[in-house]
Each structure stands twice: as C-alpha cells, then as structure tokens.
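A quick write-up on the structure given underneath.
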Amino acid sequence: MDEKQAKIAEQIKGILVDNLRIPAEELDYDVELFGDGIGLDSIDSLEIIAGIDQEFGVQMTGVAKENFFNIAALSKYVMEHMEA
0 MDEKQAKIAE QIKGILVDNL RIPAEELDYD VELFGDGIGL DSIDSLEIIA GIDQEFGVQM
60 TGVAKENFFN IAALSKYVME HMEA
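Residue numbers (numbering that gives the first Met the number 0): 0 to 83.
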C-alpha cells in the first residue's frame with residue numbers, strides 16, 4: 000500500500016469508527032469487515048457507502064463485493080475512482 004492509499008485507508012477507518020462506532024483498535028487494514036471479521040451487515044454497508052461518498056465524492060453503487068472485503072480493498076477502490 001503506497002502513501003496515498005494509506006492516507007485514504009486511515010480516512011475510511013475514521014468513517015467506520017465515527018459512523019459505526021467500531022473501536023479503532025479492532026480495525027486493521029486487512030481485517031474482514033463482514034462475516035467472520037468485524038461482522039458488519041448490509042445496513043452497515045450503506046453507512047460506509049454514504050460516508051465514502053461524503054468524504055471522497057466517490058459513488059459506490061453497484062460496487063462488487065470484493066471491494067468491500069476490508070479497508071485495504073475499499074481504499075484501493077476509492078483511490079482508483081478518485082483519479083478517474
């Protein structure tokens with residue numbers, strides 16, 4: 000992960016902490032967000048989408064599931080679509 004992606008990942012981590020009240024110490028860039036990881040659900044994904052749209056101006060409707068796997072995947076998606 001390069002410096003730009005790491006900065007985006009930190010901002011996404013902040014969205015999760017602020018909007019979903021997840022303790023920051025539970026959020027590593029590679030921890031799975033759904034299922035056996037943090038255990039987020041579809042309602043939580045809507046909060047993530049809204050937070051990313053507000054923070055970065057990146058629309059995430061219709062995004063493939065693998066882009067939501069963890070913070071690293073989300074930050075990569077956001078970085079790629081900010082540059083588009």
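We put the beta carbon where it would ideally sit given N, CA and C, even for glycine.
| query | result |
| --- | --- |
| Return helix, strand or coil for Leu-45, following the three-state DSSP convention. | helix |
| In three-state DSSP terms, what is Leu-26? | coil |
| On the premise that Ile-11 lies in contact with Leu-73, defined as a C-beta separation below 8 Å, what is that separation, rounded to the nearest angstrom? | 5 Å |
| I believe Ala-23 touches Val-30 by the beta-carbon criterion, under 8 Å. Please report the beta-carbon distance rounded to the nearest angstrom. | Not confirmed; about 12 Å, so no contact. |
| So Ala-8 and Ala-71 are supposed to be a Cβ contact under 8 Å. How far apart are they, rounded? | 6 Å |
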